[in-house]
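Reviewing the structure listed below.
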Amino acid sequence: MFLDFAFPGMKIRHYSAQPECSLPILLIVAVLALTAMCPLCQHPASRVHSRYERTLADTPVAARRVLLKVEIRRFFCDQQQCQRRIFAERLPQLANRYARATKRLLQAQTAIAQAVGSRAGTFLATVLHMPGSATTLLRRERAAPIAQVKAPRALGVDDFAFKKGNRYGTILVDLESHHPIDLLEDREAATLTKWLKEHPGSEIISRDRAGAYALGAREGAPEALQVADRFHLLHNGVEVLERFLTRHHRHLNAATLQASQESPETVPSIVVPSTLVELTRAQCQSRAKHQKRRARYEKIGQLHAQGASIHAIAETLAMSRRTVRRFVRAKSFEDAFPEQPASRPRPNQLDEFEVYLRERWEQGCHNASQLFREIQKRGFGGASSALRQYLAKWRIQPPAELGRRRGSLPNRRVKPTVPTTRETTWLLLGYKRTQDAQKQKFNDGFVDRLCVACPLIMTARTLVVEFFALVRESRADALESWLCSADASGITELQGFSSGLRRDLDAVVCGISLSWSNGVVEGNVNRLKFIKRRGYGRANFDLLRRRVLQMR
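Heads up, the numbering used here is the position in the sequence shown plus 92, with the first residue counted as 1.
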């Protein structure tokens with residue numbers, strides 16, 4: 093019987109299962125062995141002192157909970173040298189000491205907590221008929237054993253944020269198996285040094301260019317080969333060019349203006365449609381209804397011209413026959429819907445100051461705060477926000493061209509936008525391509541004008557592109573000549589970058605020439621972020637470490 097197979101070394105003395113699915117299945121189980129081992133002296137005992145029942149919850153069967161009533165015997169220990177006189181027999185294969193659930197149930201609840209978290213796990217465990225509170229699932233998860241940490245041959249080191257910009261930790265990953273090895277509470281050099289000394293054996297350590305990790309790897313594993321990650325090398329090159337462009341931002345404005353004058357049709361300007369400014373929500377809805385009525389009028393005219401009767405048209409379009417008859421008799425759409433007299437415009441408290449505001453606007457004063465202070469002295473008692481809304485349409489078209497009633501305004505192009513330093517960086521490196529031919533033409537002209545306006549920008553661009561090429565092509569032998577060119581360029585940012593590469597030259601050369609990188613580590617950092625956020629604020633370091641290491 094499968095129930096006997098589920099409890100080896102035990103026999104089922106009684107089985108009880110009520111027809112109601114809400115009631116659990118009750119099994120009364122007894123141990124078959126005639127003797128038991130004393131937990132203190134490890135000698136067998138056969139004299140029974142007494143018996144008692146122990147209740148254990150087990151994994152469900154056929155979507156019903158299972159309860160075990162286990163008959164536990166107490167034995168006399170007859171060994172004279174043993175300090176224990178009476179002991180209860182243990183069930184190591186079934187349950188732990190003092191536990192209220194079997195090991196099978198504990199493992200199932202632990203797996204649920206590790207997979208979906210404690211709060212979501214509470215719902216899932218209830219559905220699977222293994223109920224447990226969120227605190228219970230957390231306790232199960234914390235009690236689960238963690239595999240012994242061993243230092244891998246190739247170790248990847250990177251940081252992750254507990255709270256971005258505030259507190260960081262360190263993740264250690266086996267680059268060969270792609271599995272996380274351990275988590276550290278900070279990213280200090282002393283912490284990494286201590287871990288490496290406690291877990292010797294790493295031959296290769298891949299890391300970013302942070303000084304703390306370089307120092308920790310050098311002191312903790314001096315015989316290991318350090319490898320600087322290639323992605324971080326390229327990223328540092330981009331940062332250098334971006335810092336340089338920030339210092340020369342004035343040339344970006346001049347290059348944008350020159351490129352827009354050469355090809356005005358390709359200027360990346362912002363088009364402000366007048367309908368978004370002049371039409372209110374009610375006016376947009378009214379216009380949509382007007383178009384719908386016109387479409388119905390035209391449809392009725394087509395059906396009537398084809399010989400359809402008024403009754404057939406009304407049934408087809410789900411309209412009343414009276415409305416269809418009125419549409420058919422009308423000579424035009426305007427006759428069917430005569431124009432309503434214009435409603436009187438709503439009075440505005442700024443109307444009495446409009447003449448003064450127009451004069452000041454035409455004089456060149458477009459500062460809303462200044463105009464607000466002036467009309468306040470003339471008796472205006474409203475808020476400054478009302479004036480800003482009143483002047484909003486004037487900033488698109490001069491007041492002389494505005495009528496008293498709202499109408500459609502032609503679209504107007506605004507001053508071309510200057511690319512940011514980050515956008516310019518990617519344009520210089522050739523990575524910001526677009527399918528729009530006119531936009532791409534403007535970008536090419538902007539880059540050419542920028543390099544002509546400042547020859548140092550052309551020099552910095554050339555050196556960074558060369559550095560990218562030697563990293564991607566694994567030409568470590570060309571690194572020394574590139575460093576000399578960067579030192580002789582006269583660009584402060586590139587000279588500082590060159591000095592940093594020289595301080596970490598061995599790791600940089602290994603990073604360019606060897607195949608090891610931190611790509612696997614970055615993937616595990618992304619996975620760690622998902623696990624951390626799934627904890628709903630309850631994943632402090634010990635629980636986070638367990639989840640990351642157990643769910644491999």
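Built from N, CA and C at the ideal position, the CB exists for glycine as well.
A straight-line Cα-Cα distance of about 21 angstroms links His135 and Leu186. If you look at Ser573, you'll find it in the alpha helix (DSSP H) that goes 571–579. Between Ile297 and Ala281, the CB-CB gap reaches or exceeds 9 angstroms. As DSSP reads the structure, Ser298 sits in a beta bridge with Gly248, Val319. Between Ile604 and Leu571 the beta-carbon gap is near 7 angstroms, inside 8 angstroms, which marks them as a contact.
Spanning the alpha carbons of Glu466 and Asn632 requires a straight line of approximately 58 angstroms.
The beta carbon of Ile238 sits closer than 7 angstroms to the beta carbons of Arg638, Leu641, Gln642 from its chain, once the five residues preceding and following it are set aside; these are given in chain order. The beta carbon of His141 is closer than 7 angstroms to those of Arg166, Phe167, Phe168, Ile178 in its chain, skipping five residues each way along the sequence. Taking the Cα of Val617 as reference, the smallest distance to any Cα among Asn328, Gly261, Gln383 is reached at Gly261. DSSP, reduced to helix, strand and coil, places Met550 within a helical segment of the structure shown.
Residue state for Tyr523 is assigned as coil, using DSSP reduced to three classes. By the CB criterion at 9 angstroms, Asp250 and Val265 fall inside the cutoff. Looking only at Gly474, His291, Arg189, Lys384, the smallest Cα-Cα distance to Phe445 is reached by Gly474. In this structure, the beta-carbon distance from Thr202 to Ala149 does not fall below 9 angstroms. By the beta-carbon neighbour count (other beta carbons within 10 angstroms, threshold 16), Asn459 is exposed. A straight line joining the alpha-carbon of Lys469 with that of Arg487 spans about 24 angstroms.
Taking 9 angstroms as the cut-off, the beta carbon of Lys286 is found no closer than this to the beta carbon of Gly248. In the three-state reduction of the DSSP assignment, Lys533 falls in the helix class. 9 angstroms or more divides the Cβ of Pro511 from the Cβ of Leu521. At the C-beta level, Gly303 and Phe589 stay beyond 9 angstroms of one another. Of the other Cβ atoms in all chains shown, fewer than 16 fall within 10 Å of the Cβ of Pro547; this residue is therefore exposed.
Within its own chain, the residues whose Cβ lies closer than 8 angstroms to the Cβ of Ser476, once the five positions on either side in sequence are excluded, are Ala460, Ser461, Phe464, listed in chain order. For Gly261, the uninterrupted beta strand (DSSP E) run begins and ends at 259–266, by DSSP. Taking the C-beta atoms as reference points, Arg299 is found nearer than 9 angstroms to Gln318. Counted as a single uninterrupted DSSP element, the stretch harbouring His141 is not any alpha helix (DSSP H) but the beta strand (DSSP E) occupying residues 140–153. In this chain, the alpha helix (DSSP H) harbouring Phe215 covers 210–219. Apart from the 5 residues on each side of it in sequence, Cys174 sits with its Cβ closer than 8 angstroms to the Cβ of Cys130, Leu132, Cys133, His135 in its chain, given in chain order.
Checking the DSSP bridge columns, you'll see Leu159 partnered with Leu118, Ala149.
Under DSSP, Met643 forms no beta bridge with any residue. With 16 or more other CB atoms across the displayed protein chains lying within 10 angstroms of its CB, Val613 is buried.
About 11 angstroms separates the Cβ atoms of Ala428 and Val416, ruling out a contact at the 8 angstroms cut-off. Leu606: not part of any alpha helix (DSSP H); DSSP gives it neither H nor E.
Per DSSP, Ala304 has no beta bridge partner at all. Per DSSP, the beta bridge partners of Arg165 are Arg143. Cβ contact annotation for Glu558 (same chain, cutoff 7 angstroms, sequence separation greater than five): Trp574, in chain order.
For Val557, the secondary structure class from DSSP, reduced to helix, strand or coil, is helix.
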